[in-house]
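The numbers in the sequence shown follow this note's numbering, run straight up by one, and end at 343. Here's the structure, in C-alpha cells; my notes come after.
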Amino acid sequence: MRVHVLQHVPFEGPGRIAAWLAARSAEVTTTRLFEADAALPPVGAFDVLIVLGGPMSANDEAALPWLRPEKHLIAAAILSGKAVLGICLGAQLMAAALGARVYPAQHKEIGWFPVQGCAPQDGSFAFPATAEVFHWHGETFDLPDGAVHLARSAACLHQAFQIGPRAIGLQFHLETTPESVAALLTHCHGELVPSAFIQTAQALQASPPGRYAGLEALMDRLLCYLTRSTSK
C-alpha cells in the first residue's frame, strides 16, 4: 500500500494514523507544504492520499499559492478512485476541490464534543449513533455535489461526508493523541476564547484513556473501510 500524506504545518502530523500504517508495512511518503522545496506527487504515485489539518483557510490561495495545485491533486485523486481521507482543513480542501463553498462556521468548535452519525447510504461508511471526538476547527463547508452526509454535531451540521466509494472528509480529529493535543495548545492557544463550544486547555488535556481508545477504534475501522483492509 503506497500512502502519500499532505502536511500543512509541522505541529499537525498523522498522529495514530502512523502506527496503523506501520502495522501494515505501508510505503509512506509526505509532502510538507510548509517547506520551500515542497513538491506534489503525480496521482499515479500513491494508492491512498491523507490530507491533514492546519490553521490556515482553504480560501487562502492568495497568501498560500500552493493551495491551488494541492486542490487539483486532491480532486484528481478522488476522481480517479483513490482512497482519500481529509482531516479538518483536509476535509475543507476536499470540499473546495470539488467545487463546494468553505466559510467561517457559526460556532468555532474546540474540545471534546459528540458527533451524531447520519443514516448510511448505498454502502457508505457508518458512524455510530453518537461518538465523542476531538475538534479544533473554525470553518465549515457545503457538501459537494453527490456527497453523502455522514455525521453532524450541535455546533456544526457538516462534520463528515463521503464522495464516491473511497473518499471521506472529517471536520474532527480521530488521529488525536495526547501529544498532538499538547502541540495544538502550544501553537494555537490564542484560539481558546470562552464560548459554548470551546473548552479550556485543562479540559482538553484532562481526558481519560478511554476517550483516546475510542478515537483509535473508530479511526481503525474507517481506515480499514477506505483501504478495504482488515483490522490488525
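Cβ coordinates follow ideal geometry from the N, Cα and C atoms, glycine included.
Can you check which of these residues, the options, is closest to residue i by C-alpha distance?
{"i": "Leu200", "options": "Pro289, Leu334, Leu261, Glu123", "result": "Glu123"}
{"i": "Gly210", "options": "Leu295, Lys193, His183, Trp223", "result": "His183"}
{"i": "Leu190", "options": "Gln273, Thr288, Leu326", "result": "Gln273"}
{"i": "Pro225", "options": "Gly197, Ala258, Ala271", "result": "Ala271"}
{"i": "Gly234", "options": "Arg339, His248, Ala206", "result": "Arg339"}
{"i": "Ala147", "options": "Ala307, Ala137, His119", "result": "His119"}
{"i": "Pro305", "options": "Lys219, Leu204, Thr142, Ser136", "result": "Lys219"}
{"i": "Ala328", "options": "Ala307, Glu286, Ala133", "result": "Glu286"}
{"i": "Ile198", "options": "Ala278, Gly321, Thr311", "result": "Ala278"}
{"i": "Ala324", "options": "Gly192, Asp253, Glu243, Ala208", "result": "Glu243"}
{"i": "Ile221", "options": "Val116, Val292, Ala129", "result": "Val292"}
{"i": "Ala207", "options": "Thr251, His260, Gly321", "result": "Thr251"}
{"i": "Thr241", "options": "His248, Ser264, Leu254, Trp177", "result": "Ser264"}
{"i": "Met112", "options": "Ala137, Ala130, Ala129, Leu337", "result": "Ala137"}
{"i": "Ala307", "options": "Trp223, Ala149, Asp171, Thr140", "result": "Trp223"}
Tell me the residue span of the alpha helix (DSSP H) that contains residue i.
{"i": "Trp177", "result": "Neither: Trp177 is in no alpha helix (DSSP H) and is coded neither H nor E."}
{"i": "Ile128", "result": "128–134"}
{"i": "Gln232", "result": "Taken as a continuous stretch (DSSP letters only), Gln232 belongs to no alpha helix (DSSP H), as it is neither H nor E."}
{"i": "His298", "result": "289–299"}
{"i": "Leu281", "result": "No alpha helix (DSSP H) holds Leu281; the beta strand (DSSP E) holding it covers 278–281."}
{"i": "Gly249", "result": "No alpha helix (DSSP H) contains Gly249, which is instead part of the beta strand (DSSP E) from 242–252."}
{"i": "Gln203", "result": "200–208"}
{"i": "Leu315", "result": "312–316"}
Apply the 10 Å Cβ neighbour rule to residue i and answer buried if 16 or more other Cβ atoms are within range, or exposed otherwise.
{"i": "Arg127", "result": "buried"}
{"i": "Gln91", "result": "Since the first and last residues shown for the chain are 112 and 343, residue 91 lies out of range."}
{"i": "Gly192", "result": "exposed"}
{"i": "Pro125", "result": "buried"}
{"i": "Ala194", "result": "buried"}
{"i": "Ala134", "result": "exposed"}
{"i": "Ala130", "result": "exposed"}
Would you kindly report the start and end of the unbroken beta strand (DSSP E) that includes residue i?
{"i": "Thr142", "result": "138–143"}
{"i": "Thr338", "result": "From DSSP, Thr338 is part of no beta strand (DSSP E) but of the alpha helix (DSSP H) over 320–338."}
{"i": "Gln217", "result": "213–228"}
{"i": "Ala271", "result": "271–273"}
{"i": "Val116", "result": "113–118"}
{"i": "Ile309", "result": "Taken as a continuous stretch (DSSP letters only), Ile309 belongs to no beta strand (DSSP E), as it is neither H nor E."}
{"i": "Leu160", "result": "159–162"}
{"i": "Leu261", "result": "259–263"}
For residue i and residue j, which I take to be in contact (beta-carbon distance under 8 Å), what is that distance rounded to the nearest angstrom?
{"i": "Ala169", "j": "Val213", "result": "4 Å"}
{"i": "Glu181", "j": "Leu151", "result": "7 Å"}
{"i": "Phe283", "j": "His260", "result": "With a Cβ gap of about 14 Å, Phe283 and His260 do not count as contacting."}
{"i": "Leu163", "j": "Leu117", "result": "6 Å"}
{"i": "Ala216", "j": "Cys267", "result": "6 Å"}
{"i": "Ala258", "j": "Gly228", "result": "That pair is no contact at about 15 Å."}
{"i": "Leu281", "j": "Ala202", "result": "5 Å"}
{"i": "His115", "j": "Leu144", "result": "His115 to Leu144, Cβ: 12 Å. No contact."}
Any beta-carbon of chain B closer than 7 Å to the one on residue i?
{"i": "Cys229", "result": "As a matter of chain content, chain B is missing from the structure shown, which is built from one protein chain."}
- Pairing CB atoms from the region 301–319 with CB atoms from the region 151–159, are three or more of them under 8 Å? no
- Would the region 297–305 and the region 326–333 be scored as touching if the rule is three or more Cβ pairs under 8 Å? no
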